[in-house]
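Note sheet for the following structure.
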Amino acid sequence: MNTCTKYKLILSQFLAASLCTSACLAADLQAEGVQNLKAKNYTKALECFNSALKEQPNNWQLWQNIGSCHMQLGHNDAAINSLQKSIEIGGLHAGQCTLMAAALEGRGQPKQALSWLTLACKIDPSRAADPGMQAAIRELQDPLKNPGGSPDSPDYLSGLVDINRWREQDMPLKVYVRKNVQLPGFYERFLGVVREAMEQWCQASGNAVSYKLVPGPESASLVWDYTDRPELCTSNHEPGLEGVNEMRLRMEDRTAAAGNITVVVKKGPNAPSFRDRQLILTTCLHEAGHALGIHGHSPNTHDVMFLAASPEAKPKLSQRDANTIKLMYKRDWK
Ligand SMILES: [Zn+2]
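Residue numbering for the sequence shown follows our numbering, beginning at 70 and increasing consecutively.
Here it is, written out as structure tokens:
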């Protein structure tokens, strides 16, 4: 064997070994990432997939997993970019389409989300029979989840399903915050958050809306409850918002007659702590918006009345929220 051949041999052995190491490393990282993804440790999972990507930048499944982590973390734009990359490299798969739908829904684009889910069912017809998929499609067709209008207009009044205002003679609204006997120690804190939420809306309405606290539910038009039982607040309309609002309307003119808001302040009786105050305030602002007559949602993620919770708190009404309530209570007020 001459030197040249020998060198080539060593080089090829070295190359194979290094390729194997790289592939094995990527596979290990990928497996670790999947484990973290399953355990909902999305930040850790993302780290693993990103490290694996350094070894295998053209692995479409890695790009899909990265998209999945970003989507779960609420980084919807990054999710969409990663999923597009995954499709470019690996072609179209049903999993990418489902994730794309979730990211677009998170971005307030339910129509586009729906078309990606439909595509997922076309690619993999077995998915169309899945009850979870059918429920997701039904939900995306729900008018409450399809806010009309532009996300950039000064207000979102025209895109609402209905407007159910209180009458002028109902002002100030009689508000009762009910003490939860299971969580009596949280009452004062909850009361403070409710007051802050109500005051923001009153101020935004130019004080066309006002309220006063009343000592009992009998004399109240709007009752607030807080709970540590998230199952009481499950609603298809409020994904992740941890709150629910029930309204009674007057038959003759569809104005608001009574309201009851329930807010999750703790995710289960055994949860180690209460939810973050800013997140509770976000929920209170959103549900108060419904209780003041906003039936429907905004298509803009920056508005308190956006249709789903975003990971970051929105403790202040946006200008569009404020403009909307102002217009609602200005128009042919009676
Ligand atoms: Zn809502």
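Yeah, the Cβ is synthetic: ideal placement off N, Cα and C, and Gly gets one too.
Same chain only: Cβ atoms within 8 angstroms of residue i, ignoring 5 sequence neighbours per side
i    : result
L168 : Q133, G136, S137, M140, A148 and L152
L161 : L188 and I192
G143 : G175, S379, P380 and E381
Where residue i falls: helix, strand or coil (DSSP)
i    : result
T331 : strand
F375 : strand
A326 : strand
Y111 : helix
H355 : helix
D390 : helix
G102 : helix
E381 : coil
R196 : helix
Q178 : coil
P212 : helix
D97  : helix
T370 : coil
K191 : helix
Own chain partners of residue i with C-beta closer than 6 angstroms, once the 5 adjacent residues on each side are dropped
i    : result
Q269 : L386
K383 : T351 and V373
A189 : A163, C166, T167 and R196
A121 : A95, L98, Q99 and L131
I156 : Q165
W129 : S155, I158 and G159
M70  : Because the pLDDT at M70 is just 40, under 50, the model does not fix this residue reliably, and the value given afterwards should be weighed accordingly. The answer is none, since no qualifying residue turns up.
Y245 : V283, P286, A289 and V292
D199 : none
Beta-carbon contacts of residue i that lie in its chain and below 7 angstroms, excluding the five residues immediately before and after
i    : result
L78  : For L78, the predicted structure reports a pLDDT of 41, less than 50, and the residue's modelled location is therefore unreliable. The matter cannot be settled from this model.
S87  : Residue confidence is low: S87 scores 44 on pLDDT, short of 50, so the model does not pin down where it sits. Its coordinate-derived value is still stated next. The answer is none, since no qualifying residue turns up.
W185 : C166, M169, A170 and L173
G275 : K395
A325 : N233, R234, W235, M316, L318 and G362
P56  : No information on residue 56 is available, as it lies outside the stretch 70 to 403 that the chain covers here.
Residue i versus residue j - alpha carbon distance
i    : j    : result
N314 : L183 : 26 angstroms
S342 : K335 : 7 angstroms
Y76  : S91  : Per-residue confidence for Y76 stands at a pLDDT of 43, beneath the threshold of 50, marking its modelled position as unreliable; no derived number is given.
P338 : G328 : 26 angstroms
K180 : K214 : 9 angstroms
L396 : N105 : 47 angstroms
D294 : L173 : 32 angstroms
L361 : W235 : 7 angstroms
L229 : Y111 : 34 angstroms
E300 : Q125 : 43 angstroms
Y398 : S227 : 14 angstroms
E237 : V333 : 31 angstroms
A114 : A108 : 9 angstroms
F255 : I330 : 16 angstroms
Residue i - partner residues in DSSP beta bridges
i    : result
D231 : H364
Chain D contact for residue i (CB, 8 angstroms cutoff)
i    : result
S195 : You won't find chain D in this structure, because it holds only one protein chain.
*Can you list, in chain order, the stretches of the beta strand (DSSP E) that have 3 or more residues and sit fully within the segment 235-320?*
Counting whole runs of 3 or more residues, the segment 235-320 contains the beta strand (DSSP E) stretches 242-246, 280-282, 291-296 and 312-318.
* In chain order, each alpha helix (DSSP H) run of at least 4 residues that lies wholly inside the segment 115-164 -> 129-141 and 145-159
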